[in-house]
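Taking our numbering, the leading residue of the sequence shown gets 2, the next gets one more, and so forth. Heads up, the beta-carbon is just placed ideally off N, CA and C, and yes, glycines get one too. Quick caveat, the model's predicted, so the values are computed rather than measured. Here is the structure we will look at, set down as structure tokens.
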Amino acid sequence: MLTSVIGFPRIGAFRELKFALEKYFKGEMEEKELEAIAKDLRSQHFSYQKEAGIDFISSNDFSYYDCLLDTAVMCGIVPARYRELSLSDKATYFAMARGYQKEGRDVKALAMKKWFNTNYHYIVPELEDDTKISLSSEKVFDEYQEAKDLGVGTKPTVIGAYTLLSLCRYTGTKKREDYLENLSGVYRRIIAGLRERGAEWIQFEEPALVRNLDETDKRFFTSLYEKILADKKDVKILLQTYFGDVRDIYDELISMPFDGIGLDFIEGKKTLELIKKNGFPKEKTLFAGLVNGKNIWKNDYTKTLNVLDHLKTQGINTVLSTSCSLLHVPFTLDGEDKLLPEYKKHFAFALEKLVELKELADLVEDENRENADAYRKNLQLFREGRDCEDAEVKERISKIKESDYVRLPERKVRQQIQKDYLKLPKYPTTTIGSFPQTADVKKNRSSYRKGEISLDSYKEFNREKIKRAIEWQEGVGLDVLVHGEYERNDMVEYFGESLSGYLFTEKAWVQSYGTRCVKPPIIWGDVSRKKPITVEWSVYAQSLTKLPVKGMLTGPVTILNWSFPREDISIKESMTQIALAIRDEVLDLEANGIKIIQIDEAALREKLPLRKSDWNSEYLDFVIPAFRLVHSGVKKETQIHTHMCYSEFTDIIPAIDNMDADVITFEASRSDLLILDALKKYNFETETGPGVYDIHSPRIPSTQEILGALKKMLEKVPAEKLWVNPDCGLKTRGEEETRHSLVNMVEAARLLRKEA
Ligand code: GLN
Ligand code: ZN
């Protein structure tokens, strides 16, 4: 059986591309040198795959910043404001990705969004009414040729026209239909150009097909590809999907003139069922995505071979593939020296997945597979199991009752009780939690980690910081204070480190966007809280003031969504375990005198299923209860806050209200306060603090400006429910600008109180 890789990580084993780009952006590296590094990385990546025996290796999966942006540029989709800068091609490209500020010109970057259900972000291309779509870049040809010159025959990959049009922003009056003619022309030219250069296969990536599609979408897709494939001649086209199944359009796909269809068997819950029910045409090749491109666990060969055997007996011409691009997993386990071998043997990062592909492909053909080394080793690994279970955790989960998901008395009653108890003024002012992480704060943490300073001096430094932060907030006149989160590097890793069941890596970086990479921790086993995590800091901060200090926690949904999850138990079960661990922390904070506790759920919206019809049954129905489980045990006086970064929850407002928090703060300052209309429409019951200014920029908002924003909010939010706060944590800001902004914010709240 042949093997295929949809795409390979491009940032480099040691993040070489990241560091080169950063130097280049700072003007410390010439374009030539950057290009040489990129070329070298590509050639390394081709040879890794070739040496591993992969048959279908992608070219053009490389990108300096983002593949969707590359695709847009290839099609000439460059908004006028960037073209008017009259820069070189590369400089225009980076201006779109990162913005341009030079010689008195100031053009912001294009927007960035999450790539489907991953933590990777793409640049959102903009289509203007006068955008002239035409083939405008040779990248796909050049990179194909480059591989060929190295002796590697590749299948060039390009993001498909349907997905491109689905993800673009339309700034004018035109719709996707209006671009059909010209865009299909570009794709035809790509096919022709690659054919001339000798390509046998071309891969079009169409992940947008795994979302809900209606009749119009399907018609549009078929007419688009009718045109694109009109004279493809003898070059073979692979339509590659991933991140789910294509249940809405399977029938159409198998009757269209694609030579190969790539389907995801990992996230595509219905993929196998679709094939069993509707068959798969003999003359086409199925690229079966059975090696998980998103998670880091070893493949269970027995399970995978079962599926492959089935496909074989059906006479389906099959190529074994990754389930999606390997971009979403770290490069290699090699060099994770601190990870014990007994853990390591259960993982496969990108390079190790290449080995899995090859082993599996050989095993399918092997009559005698039971005796094959690779097979036996894998069987043994899954048979012996892992040391990952905790009887106490299991026992605790089994004892959860329906009533544990319900906080009493009901919120309306609590809200009044809390008003009497906390005695906060009207329009209470607060912040989201973190204060500027100045160089000394980071230094203190890293010195402690490296063992250069003692635990005592590490803590002493933080206590001093907290003390200053409390005085400072009292000086500014805030009503609900925070301790500043000086002890945290990251809102997930920090908690993971204090939970049993978590593992950490040293170099397992995954690209998040452009040059930014993240290193998600791994959930290895049953999760529980080893000891109090934040209590000491919060209690210390509270001891310094009569005003309430908020306890600060990260919620179970966010902790799970920003980690590599287990595959041996359900996401729901894992999330419930984390919820119980954080619940312990909530109750400890309360028992130690903390009256207000904030449980951040920055990533709640992010993992909504791609298919809207699955939102409730497959996500919200256990995610919202998990959050409720965290706080249902507190007293009626204790006020529970939550915070969500993006206000893109207009479509799930009832679910957000159902989290049953007492107060929610969120980012509204950049979204034209549209969400407020929705809150009003649904009679949102939770008290709300729609951020009054944008913390993502160093700009200081004036009192009048904030007052204006608040008045607008009051048109939609009842006065007794309105909170006054910035739109996110302040850790990335400087101290001076933060102070000015907050002084203005507090002043705006005071003016508003006087007016009433
Ligand atoms: N409490 C966190 C902070 O203030 C929240 C961060 C976030 O929402 N991303 O930094
Ligand atoms: Zn936030």
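Indicate the three-state DSSP secondary structure (helix, strand or coil) for K103 in the structure shown.
Looking up residue 103 in the sequence shown gives position 102. In this structure, K103 counts as strand in the three-state DSSP scheme.
By the three-class DSSP mapping on this structure, what secondary structure does E494 have?
Residue mapping note: residue 494 aligns to position 493 of the sequence shown, counting from 1. In the structure shown, E494 sits in a helix (DSSP, three-state: H, G or I).
In DSSP terms, what I523 is bridged to:
Numbered from its first residue, the sequence shown carries residue 523 at position 522. Paired residue(s): L504, F565.
Assign P258 to buried or exposed, taking buried as 16 or more other Cβ atoms, counted over all protein chains shown, within 10 Å of its Cβ.
As a first step, residue 258 is located in the sequence shown; it is residue number 257 there, counting from the start. Answer is exposed; the Cβ neighbour count stays below 16.
Going by DSSP in three states, R370 sits in which element: helix, strand or coil?
In the sequence shown, residue 370 corresponds to position 369, counting from 1. If DSSP states are grouped into helix, strand and coil, R370 belongs with the helices.
Which same chain residues, not among the five before or five after R82, have their C-beta less than 7 Å away from its C-beta?
Along the sequence shown, read from residue 1 onward, the residue named residue 82 stands at position 81. Counting only Cβ-Cβ distances below 7 Å, and skipping sequence neighbours, we find V108.
Okay, do the region 541-561 and the region 98-117 touch, 3+ Cβ pairs below 8 Å being the bar?
The way I'd put it, the region 541-561 doesn't touch the region 98-117; fewer than three beta-carbon pairs between them come closer than 8 Å.
Counting pairs of Cβ atoms below 8 Å between the region 417-437 and the region 742-752, do you hit three or more?
Short answer: they touch.
Would you call the CB atoms of W510 and I203 closer than 8 Å?
In the sequence shown, counting from the first residue as 1, residue 510 sits at position 509. In the sequence shown, counting from the first residue as 1, residue 203 sits at position 202. It is not a contact, given that the beta carbons lie outside the stated cut-off.
Here's a check: name, in chain order, each residue in its chain whose Cβ is nearer than 8 Å to the Cβ of R740, leaving out the five neighbours to either side.
Walking along the sequence shown from the start, residue 740 turns up at place 739. Correct list, in chain order: W473, V477.
L239 to E23 span [Cα, whole Å]:
Numbered from 1 along the sequence shown, position 238 holds the residue referred to as residue 239. Numbered from 1 along the sequence shown, position 22 holds the residue referred to as residue 23. CA-to-CA, the gap between L239 and E23 works out to about 35 Å.
Would you mind stating whether G552 and T535 have Cβ atoms separated by less than 8 Å?
Counted from its first residue, the sequence shown places residue 552 at position 551. Counted from its first residue, the sequence shown places residue 535 at position 534. Result yes, Cβ atoms of G552 and T535 sit closer than 8 Å.
List in chain order the residues whose CB is within less than 5 Å of at least one heavy atom of the ligand ZN.
Residues whose Cβ lies closer than 5 Å to any heavy atom of the ligand ZN, listed in chain order: C646, C729.
Excluding sequence positions up to five away, which residues of its chain have a Cβ less than 8 Å from the Cβ of S499?
Residue 499 sits at position 498 when you count from the first residue of the sequence shown. Closer than 8 Å at Cβ, skipping near neighbours: R530, K531, K532, I534.
Of the listed residues I701, L328, P282, A362, nearest to G261 (C-alpha basis):
In the sequence shown, residue 261 corresponds to position 260, counting from 1. When only C-alpha atoms are compared, the closest one is P282.
What residue does the alpha helix (DSSP H) around H46 start on, and which one ends it?
Translated into positions along the sequence shown, residue 46 becomes position 45. Residues 32-52.
State the start and end residues of the unbroken alpha helix (DSSP H) segment that holds E201.
Within the sequence shown, numbered from 1, the residue matching residue 201 stands at position 200. No alpha helix (DSSP H) contains E201, which DSSP labels as neither H nor E.
Local conformation of T689 per DSSP, three classes
For the purposes of this step, residue 689 is taken as residue 688 along the sequence shown, with counting starting at 1. Here T689 sits in strand by DSSP.
On the three-state DSSP scale, how would you describe S59?
The residue you call residue 59 lines up with position 58 of the sequence shown. In this structure, S59 counts as strand in the three-state DSSP scheme.
Excluding the five sequence neighbours on either side, which residues of its own chain have a C-beta within less than 6 Å of the C-beta of Y449, listed in chain order?
Reading the sequence shown from its first residue, position 448 is the one you call residue 449. So the list reads Y459, once near-sequence residues are dropped.
Looking at the secondary structure, which residues open and close the beta strand (DSSP E) in which N318 lies?
One-based indexing of the sequence shown puts residue 318 at position 317. Here the beta strand (DSSP E) through N318 covers 318-323.
Can you give the beta carbon distance from L711 to T689, rounded, assuming they're within the 8 Å contact cut?
Against the sequence shown, residue 711 aligns to sequence position 710. Against the sequence shown, residue 689 aligns to sequence position 688. About 12 Å separates the CB atoms of L711 and T689; that is not less than 8 Å, and the two are not in contact.
Cβ-based neighbour list, N593, same chain, cut-off 6 Å, excluding 5 preceding and 5 following:
Position 592 of the sequence shown, counted from the start, is the residue given in the question as residue 593. V536, V540.
What distance in whole Å lies between the Cβ atoms of I250 and F221, which are believed to be in contact at a cut-off of 8 Å?
In the sequence shown, counting from the first residue as 1, residue 221 sits at position 220. In the sequence shown, counting from the first residue as 1, residue 250 sits at position 249. Not quite, the Cβ-Cβ distance comes to about 11 Å (not below 8 Å), so this is no contact.
Say whether the region 60-68 touches the region 135-145, bearing in mind that this needs 3 or more beta-carbon pairs closer than 8 Å, one atom from each stretch.
yes
I need the straight-line Cα distance from G269 to C325, nearest angstrom please.
On the sequence shown, residue 269 is found 268 positions in, with the first residue counted as 1. On the sequence shown, residue 325 is found 324 positions in, with the first residue counted as 1. So the two alpha carbons sit approximately 11 Å from each other.
I need the straight-line Cα distance from K175 to L165, nearest angstrom please.
Counting from one through the sequence shown, the residue named residue 175 turns up at place 174. Counting from one through the sequence shown, the residue named residue 165 turns up at place 164. Rounded to the nearest whole angstrom, the C-alpha separation of K175 and L165 is 15 Å.
Every unbroken alpha helix (DSSP H) within the region 646-731, with a cutoff of 4 residues, ordered by chain
654-658, 675-682, 704-715
Residue from N684, K444, L479 whose Cα sits closest to the Cα of F462:
On the sequence shown, position 461 is the one that residue 462 refers to. Shortest Cα-Cα distance from F462 to any of N684, K444, L479 involves K444.
Are the beta-carbon atoms of S224 and L254 separated by less than 8 Å?
Taking the sequence shown and counting its residues from 1, the one referred to as residue 224 is at position 223. Taking the sequence shown and counting its residues from 1, the one referred to as residue 254 is at position 253. Their beta carbons are not under 8 Å apart, which means S224 does not touch L254 by this criterion.
Cut-off 8 Å between Cβ atoms - residues of its own chain near E32, not counting five sequence neighbours on either side:
Against the sequence shown, residue 32 aligns to sequence position 31. Y25, K91, listed in sequence order.
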